[in-house]
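Undergrad:
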Amino acid sequence: MTKRIALGVDVGGTGIKAAPVNLKNGKFLAERYRIPTPQPSTPAAVVKAIARCITEFKPGPEVPIGITFPGVILHGVVMTAANVDDSWVGVNLEHLVRDRIGRDVTVLNDGDAAGYGEFKYGAAHGEDGVVFLATLGTGIGTALIADGQLVANTEFGHLIINGEDAEEYAAESARERHGLDWDAWIAHLQRYFEEIEKLLWPDLIIVGGGVSKSHHMFLPHLKLRAPIVPAELLNGAGIVGAAAVAALLHQRGELRAKDAKNREKQAAQHLAKKVKKPEK
Ligand code: BGC
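For the numbering used here, count along the sequence shown from 1 and bump the result up by 61.
#1: Enumerated in chain order, which unbroken segments of the beta strand (DSSP E) with a length of 3 residues or greater are wholly contained in the segment 246-333?
#2: For Gly218, verify whether its CB is less than 6 angstroms away from any heavy atom of the ligand BGC.
#3: According to DSSP, what are the bridge partners of Val158?
#4: DSSP three-state call for Lys78: helix, strand or coil?
#5: Cα-Cα, which of Arg324, Trp149, Ala232, His239 is closest to Ser102?
#6: Go ahead and pull the three-state DSSP assignment for Phe180.
#7: Count the other CB atoms within 10 Å of the CB of Gly132; is the residue buried (16 or more) or exposed (fewer)?
#8: Which residue from His276, Ala328, Ala79, Ile222 puts its Cα closest to that of Arg113?
#9: Taking 6 angstroms as the cut-off, is the beta-carbon of Asp171 closer than that to any non-hydrogen atom of the ligand BGC?
#10: Should Leu260 go down as buried or exposed, given a rule of 16 or more other Cβ atoms within 10 Å for buried?
#11: Taking 6 angstroms as the limit between beta carbons, can you name the residues of its chain near Gln327, skipping five residues before and five after?
#12: Express the C-alpha separation of His219 and Met62 in angstroms, rounding to a whole number.
#13: Looking at C-alpha atoms only, which residue of Leu250, Ala174, Ala105 is the closest neighbour of Val152?
#14: Which word fits Asp173, buried or exposed, when buried means at least 16 other C-beta atoms lie within 10 angstroms of its C-beta?
#15: Expressed to the nearest angstrom, what Euclidean distance is found between the alpha-carbon atoms of Leu241 and Ser234?
#16: Short check: CB of Glu293 to CB of Ala184, under 7 angstroms?
#17: How many Å lie between Glu229 and Arg93 at the Cα?
#18: So, helix, strand or coil for Met62, using DSSP?
#19: Can you tell me whether Asn144 sits near the ligand BGC, meaning its C-beta is under 6 angstroms from at least one heavy atom of the ligand?
#20: Do you know offhand how far Val72's Cα is from Lys322's?
#21: Can you pull the DSSP bridge partners for Glu225?
#22: Report whether the distance from the Cβ of Gly69 to the nearest heavy atom of the ligand MG is below 6 angstroms.
#23: Less than 6 angstroms between the CB of Gly200 and some heavy atom of the ligand BGC, yes or no?
#24: Going by CA-CA distance only, name the one from Ala91, Glu179, Phe130 that's closest to Gly269.
#25: Do Gly240 and the ligand BGC come close, with the Cβ less than 6 angstroms from some heavy atom?
Structure, rendered in structure tokens:
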């Protein structure tokens, strides 16, 4: 049996990372490849770097390719660019990559990719109900999964808390920028997740991003209604989730194409019967 594989590419503020993923278990099939995100992170420069990450693995035509982006993505188009170059807004990233490498790709928000990755293979595996994931990094990426369905492009990192954008207040970068010690940062996180609970009533909260490696320093101190747990896929969640979503959409596309073919065949048979001359 051939392995089901998809390629995931994770575009971040400092690095672009890629790896082929075994869709059976969400594990990397080769060592992750990483190159620095070009600065300034303009569309032309970033697309060139994405293409380099893809060609590194020479994926066959049957391998779906998923790419994350740190902004809202609607039908392949970048709608917001909070932490990347402003020139991204309005750019169709799916088309740009397709034109560069000559094949279709799937582009999705980085928080969504991480959330879906955790749902398929990590901390939320098999979880019914409402799962909320927040990645705490330069910004706050979020994902909302309700009964296994991803509600794409939730931007709960931009809730207003104490008059401040939540990611300015509670992201990992906020901790560094405001010089907060753990206790002070925990107070900010407590406030942030209380607000989330008030609005979404999640059954499970997952915290990702680089700082989740130090989860024992802050997660046990948060007092919330829902269990709050660290992400299990750590920095691989974006790559794994992008690969899994690309594979899902690829499969749906194939099913739809098969369905259309069957319907075409049925219509042709129906027509053939109708035009058959009556016997004398
Ligand atoms: C963006 C989100 C993104 C998050 C993490 C935020 O500033 O608005 O779309 O998911 O940063 O990169």
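Cβ coordinates follow ideal geometry from the N, Cα and C atoms, glycine included.
Just so it is clear, the structure is predicted and the values come from calculations on it, not from any experiment.
TA: Per the coordinate set shown:
#1: Correct list: 265-269, 289-291.
#2: For the ligand BGC, at least one heavy atom lies less than 6 angstroms from the Cβ of Gly218.
#3: DSSP lists no partner for Val158.
#4: In the three-state DSSP reduction, Lys78 falls in the strand class (E or B).
#5: Trp149
#6: DSSP, read as helix, strand or coil, puts Phe180 in helix.
#7: buried
#8: Looking at His276, Ala328, Ala79, Ile222, the one whose alpha-carbon comes closest to that of Arg113 is Ala79.
#9: yes
#10: exposed
#11: none
#12: Confidence in Met62 is poor, its pLDDT being 42 and thus under 50, which makes the residue's placement unreliable; the coordinate value appears in the next sentence. Each residue's alpha carbon lies about 45 angstroms from the other.
#13: Ala105
#14: buried
#15: If you take the alpha carbons of Leu241 and Ser234, they lie about 10 angstroms apart.
#16: yes
#17: 30 angstroms
#18: Confidence is the limiting factor: at Met62 the pLDDT is only 42, short of 50, which leaves the residue's position unreliable and the question unanswerable from this model.
#19: yes
#20: 36 angstroms
#21: Ile222
#22: The ligand MG is not among the ligands present in this structure, which contains only the ligand BGC.
#23: At least one heavy atom of the ligand BGC is nearer than 6 angstroms to the Cβ of Gly200, so yes.
#24: Glu179
#25: no
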